[in-house]
Amino acid sequence: MKAAPFAYHRPESVKEAADMLAEFGDDAKVLAGGQSLVPMLAMRLTHFDNLIDISRVGELCGIDLDDGAVRIGATTSHALVGMDDEVADSVPLLTMATPHIGHFQIRTRGTLGGAIAHADPAAEYAAVALALDADMEAHSSRGARTIPAAEFFTGLWETSLASDEILTAARFPAWDGRSGFAVHEFARRHGDFAIAGAVAAVQVDADDRVSRCGVGLLGLGSTPLRGTTAEDALVGQTVSDLGGDAALEIARSTMAAIEDIPADLQGSSAYRARVGATMLARALSEALAAASEKE
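Take the sequence shown: its position 139, counted from the start at 1, is 139 in the UniProt record's numbering, and no numbers get skipped.
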């Protein structure tokens, strides 16, 4: 199939793009890498009279270390995020998550901002944003604002962005010290959307006690989820306390606390919860081991 007719616009600045959104209102949609939007348009699952292509707005692309956080422009590709040394040093969870996103063609064209703004429940970068308490920068003709990740994802493919706002960047706090990270997900085939998965960040103190923890969950709700049950269970515990089956028990408790785990052709709610528990347990164990090995 082919997309229904639309008017194509290519602004040269964020201001110009924001002004177009304000002018066209609900009849407009922002186009970045197009890896989600274009197939939906082609299959006529959605339609907009105006597409605003921001892919060549230079100010929206780039990676910078800024005041203890890594700021990534919205049109920065997955591939650039995955190969950037500054990201690997300061936010390794992003580096680990990147290879799980689609195939290399998708990672070359797809953008970090597009993936986050699309708000797919199985989106890796969205789960990382939740786990690390990232902030989203949004811009409209009315001005700019910052949206915490915890307030950004509101429903299936829905965010708290207003209809006239553009996601311009995401800021991911850098974790230093004795920190460990891990990403585990399960999909039918490599490149498919995850049936369930987890990203984990763990920091331990000099006594090997967990002082900080961030968990993001994929494919287990109508939005990416924060694994607060697991976080609460880990903080204050020593690494030795969390050996054996402890991580798996925490993961199972986390699944039990989630309401309305989805069921679809990929599996039942019970199956998805079981897979999610296994993925979370592996991520927690790996992150704990990595953190405790650091001096």
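Virtual Cβ for every residue (Gly too), placed ideally from N, Cα, C.
Source: prediction; values computed, not measured.
{"Check": "Which full runs of the alpha helix (DSSP H) of 4+ residues lie inside the segment 42-94, going along the chain?", "Outcome": "78-83, 85-90"}
{"Check": "If you measure between the beta carbons of PHE193 and VAL275, is that distance less than 7 Å?", "Outcome": "no"}
{"Check": "Within a Cβ cutoff of 7 Å, which residues of the same chain sit near ALA162, ignoring the five residues on either side of it in sequence?", "Outcome": "SER140"}
{"Check": "Going by other Cβ atoms of all chains shown within 10 Å of its Cβ, with 16 needed for buried, is GLU286 buried or exposed?", "Outcome": "buried"}
{"Check": "Which term fits residue 303, buried or exposed, when burial requires 16 or more other beta carbons within 10 angstroms of its beta carbon?", "Outcome": "Nothing in the structure corresponds to residue 303, since the chain is present only between 1 and 295."}
{"Check": "Could you tell me which of PRO148, GLY155, GLY68 sits nearest to ASP176, measuring between CA atoms?", "Outcome": "GLY68"}
{"Check": "Tell me which same chain residues have a C-beta within less than 6 Å of the C-beta of LYS294, skipping the five on either side of it?", "Outcome": "ARG178"}
{"Check": "Three or more C-beta pairs under 8 Å: does that hold for the segment 259-270 against the segment 225-244?", "Outcome": "no"}
{"Check": "If you follow the alpha helix (DSSP H) that ALA281 is in, where does it begin and where does it stop?", "Outcome": "269-293"}
{"Check": "Which of the three DSSP states is assigned to ARG252 in this structure?", "Outcome": "helix"}
{"Check": "Our contact map puts ALA198 next to GLY216 with C-beta atoms below 8 Å; I'd like the distance itself, whole angstroms only.", "Outcome": "7 Å"}
{"Check": "Three or more beta-carbon pairs under 8 Å between the segment 247-257 and the segment 143-156, yes or no?", "Outcome": "no"}
{"Check": "Can you look up GLY25 in the DSSP assignment and give me helix, strand or coil?", "Outcome": "helix"}
{"Check": "Would you please state the rounded distance, in angstroms, between the beta carbons of ILE116 and MET136? I believe it to be under 8 Å.", "Outcome": "7 Å"}
{"Check": "Taking DSSP as the reference, what is the three-state secondary structure of HIS103?", "Outcome": "coil"}
{"Check": "May I ask you to verify whether the segment 122-133 touches the segment 42-49, counting CB pairs closer than 8 Å and requiring at least 3?", "Outcome": "no"}
{"Check": "Under 6 Å Cβ to Cβ from SER269, same chain only, skipping five residues before and after it: list those, please.", "Outcome": "ILE261, ALA263"}
{"Check": "Secondary structure at LEU132, three-state DSSP: helix, strand or coil?", "Outcome": "coil"}
{"Check": "With distance defined between alpha-carbon atoms, name the residue in PHE172, LEU21, GLU249 nearest to ASP89.", "Outcome": "PHE172"}
{"Check": "Whose CA, out of ARG142, ARG272, ARG107, LEU284, lies closest to the CA of ILE250?", "Outcome": "LEU284"}
{"Check": "When the Cα atoms are used, what is the spatial distance from ALA59 to LEU37?", "Outcome": "The displayed chain sequence assigns Glu, not Ala, to residue 59. Each residue's alpha carbon lies about 22 Å from the other."}
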